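There are 2 protein chains.
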Amino acid sequence: MIKELENLRKKIFAKVSFSDKEWEDFSSKWRPKIFHKNDFMIKAGEIEKYFYYVEKGVLRAYHIKDGEEICVGFTYDGDFSGAYDSLLTKKPTQFYIQAIVDSSLYAIHRDELNAMYDQYKSVERWGRLFNEELLLGKGLREVAILSFSAEERYRRLMTQSPHCLQIIPQKYLASYLAMTPETFSRLRKKVKL
Amino acid sequence: MIKELENLRKKIFAKVSFSDKEWEDFSSKWRPKIFHKNDFMIKAGEIEKYFYYVEKGVLRAYHIKDGEEICVGFTYDGDFSGAYDSLLTKKPTQFYIQAIVDSSLYAIHRDELNAMYDQYKSVERWGRLFNEELLLGKGLREVAILSFSAEERYRRLMTQSPHCLQIIPQKYLASYLAMTPETFSRLRKKVKL
DNA sequence: TTTAAAACTTGATATAGATCAAGTAATCGC
DNA sequence: GCGATTACTTGATCTATATCAAGTTTTAAA
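Line by line, the protein sequences give chains A and B.
For the first sequence, position 180 matches number 180 in full-length UniProt numbering, and the numbering has no gaps at all.
For the second sequence, position 160 matches number 160 in full-length UniProt numbering, and the numbering has no gaps at all.
Here it is in structure tokens:
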């Protein structure tokens, strides 16, 4: 068992327990990977080959529409990352994923992950539960975008992730909340929580 | 093997093949269920106990914000349905799901579905792949809502699902596209495809 | 450290789409 | 089939947020 992967182990075991043998095999497939600030994990048009675990760091995912960057999410310490749509479909992704700070990750190759799914029912179980969690998150975000005003979206972000403002440039947060940097700035002055 | 469930079988087998024994067991857990036009499958505040397959019919899912219905999706023949968020979390759903036309479905109880996940790796596999498919759909919708104008969203719907207009009242489609019925109506006149 | 670039703020103006209002057409219950 | 309810259309405004523009502050490179 690789000592370094202890955080990943805890993360996964929160959902499913692997046997010692399963974990030994599964964990042996992950390789450390470093992305320095502003490095790209992947760019639009490429096909994702890896599934990542963020040991330490922050990344943002965005796509470009009419020359404008539209931010769809951030990953922090303890999250999984990567262009998951492309990993699943084997088609080119439309997303860019970039490190916002120096980030230290572990990566497993798509083929090895799929081999693990084939081999172990517990990995398959974890995969299902992991997908369910992502799905619930997307559902909440969908509702948030559809039914809240810019001010409400701002308030909710500040309540739910108050310290993101210390880590992530405002213009990215603005884009994530589907508003301009100007509107974000005005809300920051106006809304005192 | 229950003859009636042939469509469900095809749907599932498109992703994963079950053995005869697995399918016999799995398929035996589903019960037919009828929802007449305007019947509710579930209402906000309730906890979802079933996972549904739509044999024939159309349903819409919506939630209510400030007294206003906000439509988040439709299910047609051959889709799965239900308040999936609540099924997974066992917490009350925030969604209403209502039959738009008389609809004929099959339902499996959450506990039986979970028992199937426990018992068969192939069911677990199907669950993972099913969740992945939903996730990809949500991802596309997120991008559509965030980065397209009302007119673009209208055009895309009409291109991708041209006949939904014959089945689903406009005001629901308008809400699904995050615009008012008035805007939808004006776009209908303006946009000739 | 200086300076250039990038990020953020603030004000003035523009606009997509909402809201309000009133009419017409479709649908539904009896 | 007929009146009533509900859906849709169309026009006149209104408003939240975008856009444009010109600062100021922060960051980073040399």
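No residue lacks a Cβ here, since even glycine has one placed at the ideal position from N, Cα and C.
Given the structure is predicted, the values throughout are model-derived calculations rather than measurements.
For residue i and residue j, what's the separation of their Cα atoms in angstroms?
i: F95 of chain B; j: A107 of chain A; result: 37 Å
i: F35 of chain B; j: I100 of chain B; result: 9 Å
i: G82 of chain B; j: K189 of chain A; result: 42 Å
i: S104 of chain B; j: V54 of chain B; result: 6 Å
i: L136 of chain A; j: L5 of chain B; result: 28 Å
i: L146 of chain B; j: Y76 of chain A; result: 22 Å
i: A178 of chain B; j: D25 of chain A; result: 47 Å
i: N114 of chain A; j: P162 of chain A; result: 37 Å
i: Y117 of chain A; j: K65 of chain A; result: 35 Å
i: G139 of chain A; j: W126 of chain B; result: 21 Å
i: R9 of chain A; j: R128 of chain B; result: 20 Å
i: K37 of chain B; j: I97 of chain B; result: 12 Å
i: E132 of chain A; j: Q166 of chain B; result: 33 Å
i: G78 of chain B; j: A144 of chain A; result: 28 Å
i: S175 of chain A; j: F13 of chain B; result: 40 Å
i: I70 of chain B; j: K11 of chain B; result: 29 Å
i: L134 of chain A; j: F148 of chain A; result: 21 Å
i: K90 of chain B; j: L157 of chain A; result: 25 Å
i: R141 of chain A; j: I42 of chain A; result: 23 Å
i: C164 of chain A; j: K33 of chain A; result: 24 Å
i: D20 of chain B; j: K29 of chain B; result: 15 Å
Rank the options by C-alpha distance to the C-alpha of residue i and give the top, closest one.
i: F18 of chain B; options: B:K121, B:E48, B:E68 and B:L88; result: B:K121
i: D102 of chain A; options: A:A174, A:A14, A:F40 and A:E182; result: A:F40
i: R186 of chain A; options: A:Q166, A:Y154 and A:S161; result: A:Y154
i: K192 of chain B; options: B:R110, B:I12 and B:T159; result: B:T159
i: V72 of chain B; options: B:F130, B:E182 and B:Y62; result: B:Y62
i: S27 of chain A; options: A:S147, A:T180, A:S149 and A:E112; result: A:E112
i: K56 of chain B; options: B:K29, B:N7, B:Y84 and B:E152; result: B:N7
How is residue i classed by DSSP in three states: helix, strand or coil?
i: Q94 of chain A; result: coil
i: M116 of chain B; result: helix
i: F40 of chain B; result: strand
i: E69 of chain A; result: strand
At what residues does the alpha helix (DSSP H) containing residue i begin and finish?
i: M158 of chain A; result: A150 to Q160
i: Y76 of chain A; result: No alpha helix (DSSP H) holds Y76 of chain A; DSSP gives it neither H nor E.
i: S103 of chain B; result: Careful: S103 of chain B lies outside any alpha helix (DSSP H), inside the beta strand (DSSP E) at S103 to H109.
i: Y172 of chain B; result: Q170 to Y176
i: K190 of chain B; result: P181 to K190
i: E142 of chain A; result: K121 to S147
i: S27 of chain A; result: D20 to S27
i: E6 of chain A; result: E6 to F13
i: I167 of chain B; result: C164 to I167
i: S86 of chain A; result: Y84 to T89
Skipping 5 residues on each side, what residues in its chain have a beta carbon closer than 7 Å to that of residue i?
i: L87 of chain B; result: E48, F51 and R110
i: G45 of chain B; result: P92
i: D85 of chain B; result: T93
i: E151 of chain A; result: L187 and V191
Could you check where the beta strand (DSSP E) with residue i kicks off and where it finishes?
i: K65 of chain B; result: L59 to K65
i: I34 of chain A; result: R31 to F35
i: V54 of chain A; result: Y50 to K56
Return the chain-ordered list of same chain residues with a C-beta closer than 8 Å to the C-beta of residue i, the five sequence neighbours on each side being excluded.
i: E22 of chain B; result: Y120, S122 and V123
i: I168 of chain A; result: V58, R60, F74 and I100
i: K171 of chain B; result: P181 and F184
i: F130 of chain A; result: K15 and F80
Excluding sequence positions up to five away, which residues of its chain have a Cβ less than 6 Å from the Cβ of residue i?
i: Q31 of chain A; result: The question names Gln, but residue 31 of chain A in the sequence shown is Arg. These residues qualify, in order along the chain: A107.
i: E68 of chain B; result: none
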